[in-house]
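In what follows, a single structure is set out as structure tokens and then discussed.
Protein chains: 2
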Amino acid sequence: MTLAVAGTLMQTPAPDRLTVMDAVVEVDDAGRVAAVHDQSTSEGAASGRAALDSADERVDLAEGTFLIPGLVDLHIHAPQWPQLGTGLDLPLERWLFDYTFPLEARYADAGFAATVWDDLVPSLLAMGTTTAVYFSSNHLEATTALARACARHGQRALVGRVAMDHPVGTPEWYRDATASAGVEASAASIEAVTAVGSPRVEPIITPRFTPACTDALLEGLGELAAATGVRVQTHCAESDWHCDYALDRFGVSDSTALNRFGLVRPRTVLAHSDHLTPEEAVLVAGRGAGVAHCPLSNAYFANAVFGVRQALAAGVGVGLGSDIAGGARPGLLGVCQDAVTVSRMLEDGVDPALGATDRGVPESRIDTMTAFWLATAGGAAVVDLPVGLIEPGRCFDAMAVRTDRPGGAIRLWDGIDDEARAFEKVVRLATADDISHVWVDGSSVKP
Amino acid sequence: MTLAVAGTLMQTPAPDRLTVMDAVVEVDDAGRVAAVHDQSTSEGAASGRAALDSADERVDLAEGTFLIPGLVDLHIHAPQWPQLGTGLDLPLERWLFDYTFPLEARYADAGFAATVWDDLVPSLLAMGTTTAVYFSSNHLEATTALARACARHGQRALVGRVAMDHPVGTPEWYRDATASAGVEASAASIEAVTAVGSPRVEPIITPRFTPACTDALLEGLGELAAATGVRVQTHCAESDWHCDYALDRFGVSDSTALNRFGLVRPRTVLAHSDHLTPEEAVLVAGRGAGVAHCPLSNAYFANAVFGVRQALAAGVGVGLGSDIAGGARPGLLGVCQDAVTVSRMLEDGVDPALGATDRGVPESRIDTMTAFWLATAGGAAVVDLPVGLIEPGRCFDAMAVRTDRPGGAIRLWDGIDDEARAFEKVVRLATADDISHVWVDGSSVKP
């Protein structure tokens, strides 16, 4: 099945660049973008018409509906979906031990897991999350089931069974029995996720975070990554407590310790990382790893805000993560708003009792364009997937957003809104109900 | 017409208290709550049944749909609705002079004003904003039209024509010609809004903020407030620039200057006020004025975060404002989330390069319960309106929220979510599409 979509295409090829084109996007039968025809030229208009006429399926987006790339959520805890929005008045350790670990432990029940995955995956697709990088639970079976749910519903995903064995940092009722058992289960999960057989679903090695893992487990997972070439994800330098813990245990910073264990590698996703020093940023950039910036959960569990601009300037790859359920906003467009908001707060500071110059970090703010780039091309680059932009050779992972829905918050006003403002409104105000189409690999996946 | 509504009632009579009751709410033909029957007692069940049977209209909310008080938005710039979500990468002064003042000046066109008001008011009602405290534009006619739109669509509102005459702080194409012209137009607007004749719509005296007003205008409006007893609203101590400006011009702080002009009075709404010192908080509390806390716009234009807990401890009345369009989230439930989020950031700080103890303001965080109290009973108390709680004697301004909408983000899970968690999910995750009913004075106003 080939596809052609006609509409106004808005995307961000660079953090400071928005392009808007009246376009026909031609998608081949493998779901790749074959061509993007610019309707403002007579040649492009002719080839666009031809593409629309010859495609097996043709979609003409209505006036006021915009075509944008699908969103790449670099950090989601799939099993925490049922607790989305709750418990956010608690400090991280109580949140983990009282709420989160007990919930995650329930995924030993395959039926419960299946029920949650079959709600989570289509819900995220409906919000435009075409690629998800998942922390699953500690369970092999539930993790394989998550991979199958992604394949069945058509979501592009990296799916990681969470490895965790530390006798203090995890409860005895929810952990790998030993380090070697953890490494073996992680290896088995790589095989099981691969065996699902979807070209869109891959495994990812997932040590929870250093406080939850013994040295032997971290070392074994580093070796597994080196042996298999499979991507790695973990939490890094998230909070004061986490950083102090790492220094105390390893004598070096969290990122340095992770690197020594062979876990900071090309395409590694380090979630949060808001406490990275400039020197550590250089290390992360040099290793080809990247950061999943989770702006909303920064406010709750990180004690500080990740400096996006500083990291990009240091050459670190950065994308956005919802951090469900530490972040209680499931749609990644909403997370773009949060990324702009917390960047403004990082720049200006928060405490009115301090002088203006002592309060924040100058030159930290990002705009809606940069936030959207993080959520698309930026995140795609971190995990090296050919998505995030609608251009020839990349997969057609895309969505269409209405700006005229009665009951929605977006309005475009004649004589007021130009294309750049329309883009801002789409990113800042759209909810799932405003998203009319979602495609992954050229297939419609909007439930 | 009398009304009876059966369902699970959730509300916050105090910042730290959530009550949940399986209830029948009986509403008299004036739109007031006549009784709340507790269905868990046999007596309440009997009287509830009788109320349902005898009411002219009866609404039985479905299982999983919750009844909560309607929301009181203490600070909205109505004419900025068309720019919602745009320009938020700019500093306040450019945002005002390049975006906002030119837009507001367009409301000289009564047709344009009518078009915007007829979109804005029903949109806010659909999001549960049953009471709105509006800054209108500088125009008498557009302001009266806004009051009429509120009356027609059934929204409870305080509607203020914006007074502004300062030759430096305002552009010559958008200001009152003289201070006395500004006072006269404000007096005329009080009459015109009152003449609309809705029991739900009242005028409010609205000097924009000190930098936009000459001493003569501020003084004249203070006298007008004293003579008429009409409420006052203005911006107070919002940003570093604003505070420095006030000190420089008046030799005292912004709130002290406003008080000298007779503008800090019982029921005065001071928007933002994030830079209030503890001494000024005592002054504001002593005068019976209150604060419209606008958490999202704090991040954009205030250079700091308002300390809700500190203000409440000082006896200051506090409610929530969306600050449309400086805050780009129109629904006040979403603003509750933002209030929790920025309170966490105020507590923890933002700059990872600072030590943990130098970074934030301890004991600043609020939870979802407190945020919802601000958005309901707290805000109602600031403007002294009998709403914000569903109890006998208050107006039945209320809404019902579904927790089971396919495509929505809220889910309740058996064995996981108790009532307190269900409340958190409603407040944190509901969008306009999840709101099934909205009532003002017992009349259905959901478009």
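Note that the protein sequences, when read in sequence, are chains F and D. For the first sequence, the residue numbers in numbering that gives the first Met the number 0 are 0 to 446. For the second sequence, the residue numbers in numbering that gives the first Met the number 0 are 0 to 446. Cβ coordinates follow ideal geometry from the N, Cα and C atoms, glycine included.
Nearest to D243 (chain D) by alpha-carbon distance, out of D:N302, D:V120, D:T430, is D:N302.
Listed along chain F is no residue with a C-beta nearer than 9 Å to that of G378 (chain D); the closest approach is about 21 Å. Shown here for A112 (chain F): same chain residues with a beta carbon closer than 7 Å to its own, the five before and five after excluded, namely Y106, A141, A144 in chain order. Around A284 (chain F), no beta-carbon contact reaches into chain D at under 8 Å, the shortest distance being about 17 Å.
In this structure, DSSP gives H152 (chain F) a helical state, which the three-state scheme calls helix.
If you draw a straight line from the Cα of D433 (chain F) to the Cα of F422 (chain D), it comes to about 25 Å. Residues of chain F whose Cβ lies closer than 8 Å to the Cβ of D239 (chain D) are, in chain order, A355. Of all residues in the segment 426-442 of chain D, the ones placed with a Cβ closer than 9 Å to any Cβ belonging to chain F are V426, R427, L428, T430, A431, D432, in chain order.
Excluding sequence positions up to five before and after N297 (chain F), its CB lies within less than 8 Å of the CB of H271, D273, A303, V304, F305, V341, all in the same chain and listed in chain order. A Cβ-Cβ distance of about 19 Å is found for the pair L73 (chain D) and A162 (chain D), leaving them out of contact under the 8 Å criterion. It is roughly 16 Å from the alpha-carbon of T129 (chain F) to the alpha-carbon of P202 (chain F). Judged by DSSP in its simplified three-state form, M368 (chain F) adopts helix. By the Cβ-count criterion, W172 (chain D) is exposed, with fewer than 16 other Cβ atoms from all chains shown falling within 10 Å of its own Cβ. Identification of chain D residues near W412 (chain F) by a Cβ-Cβ cut-off of 7 Å yields P81, ordered along the chain. For G196 (chain F), not one C-beta of chain D is nearer than 8 Å to its own C-beta. The beta carbon of P446 (chain F) is closer than 7 Å to those of P121, L124, A125 in its chain, skipping five residues each way along the sequence. Around the CB of S254 (chain D), 16 or more other CB atoms lie within 10 Å, so the residue is classed as buried. In the three-state scheme derived from DSSP, where H, G and I count as helix and E and B as strand, H165 (chain F) is classed as coil. Residue burial annotation: P81 (chain F) is buried, with at least 16 other C-beta atoms found within 10 angstroms of its C-beta. V26 (chain F): not part of any alpha helix (DSSP H); member of the beta strand (DSSP E) spanning 16-26, first to last residue.
Separation of the CB atoms of A310 (chain D) and V71 (chain D) is rounded to 17 Å, and the pair is thereby denied contact status at 8 Å. Contacts between L295 (chain F) and chain D, judged by CB atoms closer than 8 Å, involve T340 in chain order.
In this chain, the alpha helix (DSSP H) harbouring C242 (chain F) covers 239-249. For Y133 (chain F), the secondary structure class from DSSP, reduced to helix, strand or coil, is strand. If you check each beta-carbon in the segment 303-327 of chain F against every beta-carbon of chain D, the ones closer than 9 Å belong to A303, V304, F305, G306, A327. By the neighbour-count definition (other C-beta atoms within 10 Å, threshold 16), T402 (chain F) is a buried residue.
Between R207 (chain D) and R230 (chain D), the beta carbon gap of about 16 Å keeps them out of contact (Cβ cut-off 8 Å).
Put simply, the CB of T142 (chain D) is far from chain F, with every gap to its CB atoms at 8 Å or more.
Rounded to the nearest whole angstrom, the C-alpha separation of C149 (chain F) and D322 (chain D) is 40 Å. For G316 (chain D), the uninterrupted beta strand (DSSP E) segment begins and ends at 316-319. Using a Cβ distance threshold of 8 Å, G159 (chain D) and S197 (chain D) do not count as a contacting pair. At a cut-off of 4 residues, the continuous stretches assigned as alpha helix (DSSP H) that sit fully inside the segment 93-147 of chain F are 100-104, 109-125. Using a Cβ distance threshold of 8 Å, A313 (chain F) and V281 (chain F) count as a contacting pair.
Taking the C-beta atoms as reference points, V132 (chain D) is found no nearer than 8 Å to V400 (chain D).
For the segment 122-148 of chain F, residues whose beta-carbon sits nearer than 9 Å to a beta-carbon of chain D comprise S122, A125, M126. About 18 Å separates the CB atoms of G285 (chain D) and G318 (chain D); that is not less than 8 Å, and the two are not in contact.
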